[in-house]
Amino acid sequence: MRMTKKFYLPSLGLGITIFLLLAAAEKIAALKGSSSVFSEPLKKAVLWDIDGTLADSFQLCFDATNEVLSRNGHSPVDAASYKVGTQYPTDLRFAWHVDPACTEAASPEGVRLGHEFDALYIAQVSPATAPFYPGLAERVIRPLGAAGVRQGALSNAVGGYVRAVLAANGVAALFEVQWGVDEVPAAKPSPEGLRACAAALGLAPGECVYVGDSPSDGRAARAAGMAAVGVAWGHGG
1 MRMTKKFYLP
11 SLGLGITIFL
21 LLAAAEKIAA
31 LKGSSSVFSE
41 PLKKAVLWDI
51 DGTLADSFQL
61 CFDATNEVLS
71 RNGHSPVDAA
81 SYKVGTQYPT
91 DLRFAWHVDP
101 ACTEAASPEG
111 VRLGHEFDAL
121 YIAQVSPATA
131 PFYPGLAERV
141 IRPLGAAGVR
151 QGALSNAVGG
161 YVRAVLAANG
171 VAALFEVQWG
181 VDEVPAAKPS
191 PEGLRACAAA
201 LGLAPGECVY
211 VGDSPSDGRA
221 ARAAGMAAVG
231 VAWGHGG
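Heads up: the sequence shown at position 33 corresponds to 33 in the UniProt record's numbering, and the numbers run straight through without jumps.
Here it is, written out as structure tokens:
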């Protein structure tokens with residue numbers, strides 16, 4: 001059974017240390033020609049979720065959600081409802097905010113509001129509104145890149161948002177794949193997007209790790225045949 005590693009600390013310190021130790025151990029195993037110190041295939045790439053995993057973007061997304069709802073005559077949502085809604089792709093999330101019975105397919109209103117939201121919050125991305133959690137860029141992203149570990153990002157947000165966040169945090173050049181839900185066959189928890197990411201890197205899914213903050217991230221990774229790493233500091237933790 002594949003182990004899912006989850007970091008439960010409010011501070012990133014120990015979680016980052018563990019992650020770096022895992023990466024270092026894999027590199028040592030590769031140099032020795034071993035299969036893995038953890039008896040799993042060597043991991044050649046780390047794929048990341050964006051919101052709540054890399055980016056501390058809760059306030060940006062929450063405020064943009066309520067701005068779109070309010071200016072279209074719908075009631076704003078509280079933080080708890082917003083967090084529940086993040087399990088859905090954006091168009092279905094807005095359909096659910098408008099009508100809680102809508103959980104299977106987005107309504108036309110949900111699609112319309114979702115498009116409006118995408119344009120609004122992409123325009124508002126900045127180092128101030130979507131910063132990486134402290135230490136992630138300097139102590140994880142850049143060291144992994146320097147160690148030769150390839151990286152990519154897959155989000156249930158649109159690709160324009162993914163690229164805006166990575167650029168705002170100065171790490172876009174380290175991510176070979178920067179995709180959103182509009183650029184893959186299906187939203188998470190479908191595994192198809194992660195499989196497409198692995199294929200774009202020329203890797204098998206088992207050679208990749210996916211890091212996310214929600215149960216749907218873990219389900220997508222496991223269904224794709226990837227190791228799943230969950231963080232507990234995000235929107236869906």
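The beta-carbon is built from N, C-alpha and C at its ideal position, and this holds for glycine as well.
All of these numbers come straight from a predicted model, not from anything done at the bench.
### Message
Can you find the residues in the same chain that come closer than 8 angstroms, C-beta to C-beta, to Thr90, ignoring five residues on each side of it along the sequence?
### Response
Correct list, in chain order: Gly114, Phe117, Asp118, Asn156, Ala157, Val158 and Val181.
### Per-residue DSSP class, three states only, for Tyr88
Tyr88 falls in the coil class under three-state DSSP.
### Query
Whose C-alpha, out of Lys43, Ile141, Thr53 and Gly206, is nearest the C-alpha of Gly234?
Nearest of Lys43, Ile141, Thr53 and Gly206 to Gly234, Cα basis: Thr53.
### Query
Does DSSP put Asp51 in a helix, a strand or coil?
Strand at Asp51.
### Message
If you reduce the DSSP assignment to three classes, tell me which class Ala68 lands in.
### Response
The residue asked about is misnamed: residue 68 is Val in this sequence, not Ala. Three-state result, Val68: helix.
### Task
Indicate whether the contact test is met: 3 or more Cβ pairs, each with one atom in the region 62-77 and one in the region 136-144, closer than 8 angstroms.
The region 62-77 is not in contact with the region 136-144.
### Message
Can you tell me whether Gln59 is helix, strand or coil according to DSSP?
### Response
Note: Gln59 maps to helix in three-state DSSP.
### Query
Exposed or buried, which one is Gly110 when buried takes at least 16 other CB atoms within 10 Å?
Gly110 comes out buried.
### Task
For Ala172, I'd like the list of residues in its chain whose CB is within less than 8 angstroms of its CB, leaving aside the five on either flank, ordered along the chain.
Within the same chain, Ala172 has close Cβ partners Arg163, Leu166 and Gln178.
### Rounded C-alpha distance that separates Val211 from Gln87
Distance from the CA of Val211 to the CA of Gln87, rounded to the nearest whole angstrom, comes to 16 angstroms.
### Query
Does the Cβ of Ala146 have 16 or more other Cβ atoms within 10 Å, making it buried, or fewer, making it exposed?
With fewer than 16 other Cβ atoms within 10 Å, it is exposed.
### Query
Cβ of Ala95 within 9 angstroms of Cβ of Ala105?
Closer than 9 angstroms, so yes.
### Every unbroken alpha helix (DSSP H) inside the region 132-161 [4 residues or more]
The DSSP assignment places complete alpha helix (DSSP H) segments of no fewer than 4 residues inside the region 132-161 at 142-146, in order along the chain.
### Task
With DSSP as the reference, label Trp179 as helix, strand or coil.
Strand at Trp179.
### Query
If we ignore side chains and look at the alpha-carbon of each, how far apart do Arg71 and Ser107 end up?
Taking the straight line joining both Cα atoms gives about 18 angstroms.
### Message
Per the DSSP calculation, Ala228 is bridged to which residue(s)?
### Response
Bridge partners of Ala228: Tyr210.
### Task
Tell me whether the beta-carbon of Asp49 lies closer than 9 angstroms to the beta-carbon of Phe132.
No. Outside cutoff.
### Query
DSSP state of Val46, grouped into three classes?
Note: Val46 maps to strand in three-state DSSP.
### Task
For Gly160, collect the residues of the same chain with a Cβ closer than 8 angstroms to its Cβ; drop the 5 residues on either side in sequence, then sort them by chain order.
By the criterion of a C-beta distance shorter than 8 angstroms, Gly160 is surrounded in its chain by Asp118, Ile122 and Gly180, once the five residues flanking it on both sides are discounted.
### Query
Where do the ends of the alpha helix (DSSP H) carrying Gly202 lie?
No alpha helix (DSSP H) contains Gly202, which DSSP labels as neither H nor E.
### Query
Quick one: what does DSSP say Val111 is sitting in, helix, strand or coil?
Secondary structure at Val111: helix, using DSSP grouped into helix, strand and coil.
### Query
Per DSSP, what kind of secondary structure is Ser75 in: helix, strand or coil?
In the displayed model, Ser75 falls within coil according to three-state DSSP, outside both helix and strand.
### Query
Are the Cβ atoms of Leu69 and Gln151 separated by less than 9 angstroms?
In terms of Cβ geometry, Leu69 and Gln151 do not form a close pair [threshold 9 angstroms].
### Query
So what's Arg219 in DSSP terms, helix, strand or just coil?
Three-state DSSP puts Arg219 in a helix.
### Query
By Cβ distance, which residues of its chain are closer than 8 angstroms to Ala137, with the 5 residues on each side in sequence left out?
Sequence-distant Cβ neighbours of Ala137 in its own chain, meaning closer than 8 angstroms and more than five residues away, are Asn169, Gly170 and Val171.
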